[in-house]
Structures are given as C-alpha cells and as structure tokens.
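Here's the structure, in structure tokens; my notes come after.
There are 2 protein chains.
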Amino acid sequence: MQKQTPIKATESELEILNILWAQGPSTVKEVHEKLSLTKDAGYTTTLKLMQIMLKKQLVSRDGSSKIHVYTAAVDQAQAQGQMLQRMIETMFNGSAAQLVMQALGNHRSSKAELELIREYLEGKKKK
Amino acid sequence: MQKQTPIKATESELEILNILWAQGPSTVKEVHEKLSLTKDAGYTTTLKLMQIMLKKQLVSRDGSSKIHVYTAAVDQAQAQGQMLQRMIETMFNGSAAQLVMQALGNHRSSKAELELIREYLEGKKKK
DNA sequence: TCAAATGTACGACAACTTTCGTAATTGCAA
DNA sequence: TTGCAATTACGAAAGTTGTCGTACATTTGA
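The listed protein sequences correspond, in order, to chains A and B. In terms of this note's numbering, the first sequence is numbered consecutively and its last residue is 729. In terms of this note's numbering, the second sequence is numbered consecutively and its last residue is 729.
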C-alpha cells in the first residue's frame, strides 16, 4: 500500500463529493438538485465545479452517452480519515481524544449515538 | 448567549491561531519561528498573514512598544467546535458518532486515550 | 424536419489566499 | 547623535475559488 498525495478539496467540492458518495454515480442535474436543497447556486456553477473536480481527479465520468455520469474518484473513508488527521494535527495538538471529546461535548449527541460509540470502544478493547 | 458569525479562517490562519493558543501572546518572530519548524515561508509572509488576521479580528495586538504582541481573539474550544460541526454536516451526514469512530479507527489511539474517552462517556451517562 | 429542450464547454470576473520584495519606521548602541 | 539592525507597512503578483452568461452540441417530439 503506497502513500499517495493527500486529497485536497475545497468546501464546495466536499459537498459535491458527499452527494456522490451518498447517491452513487450521478449526473450533474442530480447532483445539482440535491445541492439546491441546502445551497443556492446556478446549474452551470455546479457543472463547472464538477468539471474542475474532474481535472483534479476528484471525480471520474462516463461520457459515452450525451449525459455525463460522474463518480467519486476518492474513497470516502480515506478522505474522511485524512481530513480528521489534518484537523487533529493542526487544531488538536495531535490528540484524537481531544477531538472526540470536543465533538461529543459540543454536538450533544443522541443516546443512541453515544451507545454506538460505547459499543465501538468495547470492540476495540477486546482486540 | 447570542449566536455570532461563524469563525472563518483559512488553513494557514488556523496554523497561526494554533500557535497562539498553545504559546499564549506572541510576537511575529516567535510565531514565525514555531511555524518554520513545520512550514517553509518567509518572515514577511507570516507577518502579513497576522496583519490580515488582525483586520479579520481573529487576533488582537498590543502595539504599545515597538514589538507588537499578538493574541488569539477567538476562543479555541469554540473554534474547534465550529470546525467539527461543519465537518460533521458536510462530510459525515450529520452523525457525530460516525466522525468519532472514523477518528478513532484511523488514528489508532493509545490505550490511555481510549480510556479517557471511556471515562468521558461514563460521565455523560450519569447525567 | 426542425425548433425547443436539455446538456456541455468555456471565458470572464471578482474575491480571496499566499507569497515576497521593498520601503518606511523605530529603538538602541557606540 | 546617528547609523545599524530589527520591525512593521505596503504593494504587487500568481494562483485558486465560486459565480454566471453565453455559445455550442445533441436529442426528440410535434
């Protein structure tokens, strides 16, 4: 497993990636519709962004038919991991625990969520 | 407690803030020296960045003597919380638990850290 | 067929970020 | 006091981001 160049995406690009991760391969139209629910930007803006992302290889696309279908070209878990890692380093002095507690403290998670985490920790312990 | 405009800082600015949080009020020189350990940029670049941050009110400064002393003007915990919140929304589909588990899974935290978190969760439970 | 609808491509723009060179200022030492 | 070294101020440039208008291409259904 070789180390590769860190994924670098802007906030807007991350939003688009997130949609692609959630929905799977999608057209510009589909992405834009989803994006429009929470954001306010023109269709061509989304299109352009996705074209830029193509150049950056954050997404790939199938253009065999008229309508291009875009697919996330970076792994979700990996991207998440890298983002967190960078955040831990630059804002939490290298302590994942600090980040975790801050996340839980601030976000006021549901009981179900906390339970999930507790179970996860149990699993880790046994290993 | 009133809601205020979200803190908006770039990556470089975050690095500087982090140094100010860790070291307390510092001169440009001190910040730059720390920064130079991990980054490669000229002195005036750091200076300029900090001047911009002053304008943005991310830092304040005491210029009573020749050498200006800069202080972080935003609260660390608050900034951390906001960053995480945004990340949870845009990359983890609103689930703090997902973020937490990703952070722990990837980072391979120490036993001590995991124990810390476990205790923290116990504390939350009792409430 | 051919015009409307649906997509894509592309250029331009303003705002922002990061960088640095150079000028101006200030304090101190000799 | 005066000149040097340390600081700060500022302008400019290059790159990036997000935005959109408009032009071009393709499909399709009346």
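Don't be surprised by glycine CBs; every beta carbon is placed ideally from N, CA and C.
| query | result |
| --- | --- |
| Would DSSP call Ser666(A) helix, strand or coil? | coil |
| Start and end of the alpha helix (DSSP H) containing Thr673(B)? | Here Thr673(B) belongs to no alpha helix (DSSP H); instead the beta strand (DSSP E) covers Val671 to Ala674. |
| Say whether chain A places a C-beta atom closer than 7 Å to the C-beta of Met652(B). | no |
| If we count the other Cβ atoms within 10 Å of its Cβ and call it buried at 16 or more, is Leu639(A) buried or exposed? | exposed |
| Please check the pair Ala698(B) and Leu619(A), which I expect to be a contact at CB under 8 Å, by giving their CB distance rounded to whole angstroms. | In fact, because the Cβ distance is near 20 Å, the residues do not count as touching under 8 Å. |
| Measuring only between beta-carbons, confirm whether Met703(B) sits less than 7 Å from chain A. | yes |
| For the stretch 680–691 of chain A, which residues have a CB atom closer than 7 Å to at least one CB atom of chain B, in sequence order? | Gln682, Gly683, Met685, Leu686, Gln687, Met689 and Ile690 |
| Which chain A residues are close to Ala624(B), counting only those with a beta carbon under 9 Å from its beta carbon? | Asn695 |
| Answer yes or no: do Val661(B) and Ala679(B) have a C-beta to C-beta separation smaller than 7 Å? | no |
| Using a beta-carbon distance below 7 Å, is Ile618(B) in contact with chain A? | no |
| Strictly below 8 Å CB to CB, what residues from chain B border Glu715(A)? | Ser697, Ala698 and Ala699 |
| Which same chain residues, not among the five before or five after Glu724(A), have their C-beta less than 8 Å away from its C-beta? | none |
| Quick one: Cα of Met652(A) to Cα of His634(A), how far? | 10 Å |
| Could you check whether the Cβ of Leu637(A) sits closer than 7 Å to any Cβ belonging to chain B? | no |
| Where do the ends of the alpha helix (DSSP H) carrying Ala643(B) lie? | Element bounds for Ala643(B): n/a, residue is neither H nor E. |
| With a Cβ-Cβ cutoff of 7 Å, do Ile621(B) and Ala681(B) count as a contact? | no |
| Which residues in the same chain have their Cβ closer than 8 Å to the Cβ of Leu637(A), if we skip the five residues on either side of it in sequence? | Glu617, Ile618, Ile621, Ala643 and Thr648 |
| What did DSSP end up calling Ser638(B) once you bin it into helix, strand or coil? | helix |
| Starting from Ser614(B), follow the alpha helix (DSSP H) in both directions and report where the run begins and ends. | Glu613 to Gln625 |
| Check whether the Cβ atoms of Gln700(B) and Phe694(B) lie closer than 7 Å to each other. | yes |
| Does the beta carbon of Leu723(B) come closer than 7 Å to any beta carbon on chain A? | yes |
| Out of Ala624(B), Trp623(B), Lys641(B) and Thr646(B), which has the shortest C-alpha to C-alpha gap to Lys631(B)? | Thr646(B) |
| DSSP three-state label for Thr629(B), please. | strand |
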